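>
Residue numbers (our numbering): 3 to 132.
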């Protein structure tokens, strides 16, 4: 199953009664497995979970630790970029050259690397003490 197919299928299970904006994400781990997530809203905004964060949590829960590729899909006129928090979460588990493909439900897509998605990323290297 392709990442786009996996993201498309899980998007349909999103819980978005407030925004009605369903998002699906699928991660291919370095270990070769696909992990999916969908947005889960909560009436107490912003306490919901983004699709990308859900897919990362599923990856970690499944025993994998590194992202090889990620696909995100939403029903919008143009590919929807990941929020700032998800950009940081993705960067935690992916190398800077990893491909992030943003899709719309009508077939448009935009491919970025993690470095393009989050330039100037804050990393553990910034916390090293000299």
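C-beta atoms are modelled at their ideal positions from N, C-alpha and C, and glycine is treated no differently. Treat the numbers as computed from the prediction; the structure is a model and nothing was measured.
Given this structure, state the Cα-to-Cα distance separating residue 124 from residue 20, to the nearest angstrom.
The alpha-carbon atoms of residue 124 and residue 20 are separated by roughly 32 angstroms.
> By Cβ distance below 6 angstroms, which residues in the same chain neighbour residue 12 in space, the five residues on each side in sequence not counted?
Contacts found: 26, 38 and 40.
> Go through its chain and collect everything with a Cβ distance to residue 81's Cβ below 7 angstroms, but skip five positions before and after it.
Excluding sequence neighbours, residue 81 sits near 104, 105, 106, 110, 111 and 112.
> Mapping DSSP to helix, strand and coil, what is residue 126?
DSSP places residue 126 in helix when its eight states are reduced to three.
> If you check the beta carbons only, do residue 116 and residue 100 fall under 8 angstroms apart?
In contact: residue 116 and residue 100 (Cβ atoms closer than 8 angstroms).
> Compute the distance between the beta-carbons of residue 57 and residue 28, then report whether it is under 8 angstroms.
In this structure, residue 28 lies closer than 8 angstroms to residue 57 by Cβ.
> If I follow the unbroken beta strand (DSSP E) through residue 27, where does it start and stop?
That run of the beta strand (DSSP E) goes 25-31.
> Comparing C-alpha positions only, which one of 91, 61, 44 and 119 sits nearest to residue 126?
When each option's Cα is compared against that of residue 126, the closest is 91.
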